[in-house]
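Q: Can you read through this structure? Questions will come right after.
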Amino acid sequence: MNAAADGSDVSLLELCDAEVASTSNPGTSSLAGVNWAVQRNDFWVVGGLLGSGKSDLLSTLVGVLPLNSGRLLLDGAEITGRGGPRADAGAQFRTGLVHDGGLLFAHLSVAENVALPLQYHHNVSFADAADRAGAWLEAVGMGGMAELPSTRISRNWAQRASLARACILQPEILLLDNPLTGLDPVHARWWMDFLGQLWTGHPLMAYRRATLIATCDDFSPWWGEGRRFAMLSNGRFRTVVEPISRQELSDCLAANHR
Amino acid sequence: MTDIAARERRSLSIFHWTGREVVRLLGGFRGMLSLGLITLSVLLTQRRRASKVISPLIWREVLRSGVRPVPIVLFLSSLLGLAVIGQTVVFTTRLGAQDYLGTVMVMVVVRELGPMLAALVVLVRAGSESVIELGSARASHEIEAMEAIGIDPIHYWVVPRVLGMALGVFCLTVYAIVAAVLSGYLWAFLQNIPILPGDYFGQLARALHPLDFLALGLKSGILGVTLALLLCYHGLAQPIRREDIPRAAIRALTQGVVLCVLIDAVFLALSRISLDSP
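Protein sequence lines correspond, in order, to chains G and A.
Those letters in the first sequence? Residues 2 to 259, per my numbering, in order.
Those letters in the second sequence? Residues 809 to 1086, per my numbering, in order.
Written as structure tokens, this is what we have:
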């Protein structure tokens, strides 16, 4: 059995000398020379100030934004072009993305938003997907909001619905774009607890541990055991290798930005 | 001297403006054509994919463009029937040529105005709604969110519109023609034109050529597909900001009218060629 098939020696997700394209300035790169290996069950927190390329990095990892140069590997296999990590993943996607602000579809209700990936990729009607969507909505504390139009809920709840939508296909890797930004403290605490459950194995994910990659503009709420940190500054990706204190970690974002 | 220079500048700016608009229009048509080809490829390669999601979207589009506008189409086509017969009756009675009422109806309503009326009503009723819906989705980055969950935006947004609108325009065309034909006879009856229903419908049947049915289906289908692509192009296929959506809707409606007239002209030319050929 080779290493790739075994999966033991191979990184789950790897960027090799990658130039991440910029969505705001087409034709340019927001990050260059990115070398990054994500192992199974890692919990990465990538910090960066506004415009540092956090969303572009996640869009690249989910396969929506092709690299300008370099390689993106999933389980050792190179992913090329649009389609990204999902291209060879069959019906069950291996990555899910929670967008900054939720980005729910305005023409659908909350439950329809959550059910849509399941409906589309498993070709089932809404009635058939409603149970699973309902279970996820219950899990994120939105059981009573299923029928509401998605435009009628606040950013706090839209973000949670987006998490349910990203999780309904039970992805192996969950990408979260600034999930705590703009949330009140109660919601922020809920997020940290729930992400902890996903990382250690949630019942709705068949108790399988998810690999998490979250972006943020402030490291302090993310401080925790077993988590790994990286930062984006001046178009570069840097991992935080030294074990440093919560305060040092929080300060390093601003300190590294010139 | 200053006047001449100003006039030259003005005429030059008119040329610039015209040139710029023509180039933009041609660029738009090229973009629409590209969108059409991509849509065709998605339609062919993903025709069985997610049918339980896409089929309801197609029927929603049929409802929006082929069912909801029925009252206004019936009203307008009834007036059209009255106008066509009302104008024709005066001359045909003077010439003793009442036998040609049905022929006139076929020439004017079935071949020309029926499909055109249906397409214009769909454009006005469903067009602005479509551009606003798609433009809002594009402006609020819903397209990126859709791609992130692995849904092809062309498959989800454009394919149902193209199929639904083609079917919708065809249905409305049929309703429009039936209403115009019936209201035409009603007008003839009220004007005491000595023509029996059997004779009137017999004239219609004799004036209709089998190719008319084919041309009618083809024309209404092409009108529906073209309008859908135009609306999707303006709403979805290019980056748009929220404040630009009303302008995009107006541009789509204006270009839609131009395209309907152009398509009608092409069909007219083709029908002349087929009539002239031995």
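No residue lacks a Cβ here, since even glycine has one placed at the ideal position from N, Cα and C.
Could you tell me how far apart the beta carbons of G/L233 and G/V63 are, in whole angstroms, since I believe they sit closer than 8 angstroms?
A: Going by Cβ atoms, the distance from G/L233 to G/V63 rounds to 17 angstroms, so no, they are not a contact pair.
Q: Starting from the Cα of A/P968, find the closest Cα among A/I985, A/R815, A/L942 and A/A987 and give me that residue.
A: Among A/I985, A/R815, A/L942 and A/A987, the Cα nearest to that of A/P968 is on A/L942.
Q: Among the candidates A/V898, A/A1015, A/A858 and A/M973, whose CA atom is the shortest distance from the CA of A/E869?
A: Minimum Cα distance to A/E869 is reached at A/M973.
Q: In chain A, which residues lie less than 8 angstroms from G/V63 when you measure between Cβ atoms?
A: Per Cβ cutoff of 8 angstroms: A956.
Q: Determine the burial state of A/W825: buried for a count of at least 16 other Cβ atoms within 10 Å of its Cβ, exposed for fewer.
A: With fewer than 16 other Cβ atoms within 10 Å, it is exposed.
Q: Counting pairs of Cβ atoms below 8 angstroms between the segment 884-901 of chain A and the segment 1032-1039 of chain A, do you hit three or more?
A: With a cut-off of 8 angstroms, the segment 1032-1039 of chain A and the segment 884-901 of chain A do not count as touching, because too few Cβ pairs lie within range.
Q: Closer than 7 angstroms, Cβ to any Cβ of chain G: which residues of the segment 845-874 of chain A, in chain order?
A: Taking 7 angstroms as the Cβ-Cβ cut-off against chain G, the residues of the segment 845-874 of chain A that qualify are A858, S859, K860 and V861.
Q: Using a beta-carbon distance below 8 angstroms, is A/A953 in contact with chain G?
A: It does: the Cβ of A/A953 has a partner Cβ on chain G nearer than 8 angstroms.
Q: At what residues does the alpha helix (DSSP H) containing A/I940 begin and finish?
A: Note, A/I940: alpha helix (DSSP H), S936 to A947.
Q: Using beta carbons (cut-off 8 angstroms, strictly below), is G/S126 in contact with chain A?
A: G/S126 counts as touching chain A.
Q: Who are the near neighbours of A/I1081 in its chain, counting only those whose CB is closer than 6 angstroms to its CB and skipping five residues on each side?
A: Contacts found: none.
Q: For the alpha helix (DSSP H) containing G/I1, list its first residue and its last residue.
A: Nothing about residue 1 of chain G can be read from this structure; chain G reaches only from 2 to 259.
Q: Under the three-state reduction of DSSP, which class applies to G/A107: helix, strand or coil?
A: G/A107: coil per DSSP, three-state reduction.
Q: Is there at least one Cβ from chain A nearer than 8 angstroms to G/L262's Cβ?
A: Summary: the structure shown does not reach residue 262 of chain G, with chain G confined to residues 2 through 259, and so no result is reported for it.
Q: For A/L975 and A/G839, which I take to be in contact (beta-carbon distance under 8 angstroms), what is that distance rounded to the nearest angstrom?
A: No, A/L975 and A/G839 are not in contact; Cβ-Cβ is about 24 angstroms, not under 8 angstroms.
Q: How is G/T201 classed by DSSP in three states: helix, strand or coil?
A: G/T201: helix per DSSP, three-state reduction.
Q: Which runs of the alpha helix (DSSP H) at least 4 residues long sit entirely within the segment 4-49 of chain G? Give them in chain order.
A: Fully enclosed alpha helix (DSSP H) runs of 4 or longer: 4-7.
Q: Can A/V939 and A/H1017 be called in contact, C-beta distance under 8 angstroms?
A: Cβ atoms of A/V939 and A/H1017: not closer than 8 angstroms.
Q: Just the C-alpha distance for G/G49 and G/V241, rounded to the nearest angstrom, thanks.
A: About 13 angstroms.
Q: Could you tell me whether any Cβ in chain A is nearer than 8 angstroms to the Cβ of G/R1?
A: Only positions 2 to 259 of chain G appear in this structure, which leaves residue 1 of chain G out of reach.
Q: Return the chain-ordered list of same chain residues with a C-beta closer than 7 angstroms to the C-beta of A/E955, the five sequence neighbours on each side being excluded.
A: P961.
Q: Excluding the five sequence neighbours on either side, which residues of its own chain have a C-beta within less than 6 angstroms of the C-beta of A/I866, listed in chain order?
A: Contacts found: P968, L971 and G972.
Q: Quick one: grab the DSSP three-state call for G/P150.
A: The answer is strand: DSSP assigns G/P150 an E or B state.
Q: Below 7 angstroms CB to CB, which residues in the same chain sit around A/A1056 once its five sequence neighbours on both sides are set aside?
A: Excluding residues within five positions, the ones whose Cβ falls inside 7 angstroms are V939, G943, H1042, G1043 and I1048.
Q: Rounded C-beta distance between A/A1060 and G/H100? I'm assuming under 8 angstroms.
A: Actually they do not touch by this definition, with Cβ atoms about 28 angstroms apart.
Q: Return the residue from the list G/T152, G/A165 and G/S53 that minimises the CA-CA distance to G/G144.
A: When only C-alpha atoms are compared, the closest one is G/A165.
Q: Cα-Cα, which of G/E173, G/S30 and G/G183 is closest to G/S155?
A: It is G/G183.
Q: Who pairs with A/T853 in a beta bridge, going by DSSP?
A: Answer by DSSP bridge pairing: none, since A/T853 is not bridged.
Q: For G/I80, does the three-state DSSP call read helix, strand or coil?
A: In the structure shown, G/I80 sits in a strand (DSSP, three-state: E or B).
Q: Going along the chain, which residues of its own chain have a beta-carbon closer than 7 angstroms to the beta-carbon of A/I1003, five neighbours each way excluded?
A: Taken in chain order, the residues that qualify are Q906, L909 and A996.
Q: Is the CB of G/L51 under 8 angstroms away from at least one CB in chain A?
A: No, its Cβ sits nowhere closer than 8 angstroms to a Cβ of chain A.
Q: Hey, how far is the Cα of G/A131 from the Cα of G/G142?
A: Distance between the alpha carbons of G/A131 and G/G142 is about 16 angstroms.
Q: G/A136 and G/L66 - do their beta-carbons sit closer together than 8 angstroms?
A: Against a cut-off of 8 angstroms, the Cβ pair of G/A136 and G/L66 comes out as no contact.
Q: So which residues on chain G does A/I959 lean against when the C-beta distance must stay under 8 angstroms?
A: By Cβ distance, chain G contributes L117, P118 and Y121.
Q: Excluding the five sequence neighbours on either side, which residues of its own chain have a C-beta within less than 6 angstroms of the C-beta of A/Y1008, listed in chain order?
A: Correct list, in chain order: G910 and Y993.
Q: Per DSSP, what kind of secondary structure is G/S70 in: helix, strand or coil?
A: If DSSP states are grouped into helix, strand and coil, G/S70 belongs with the strands.
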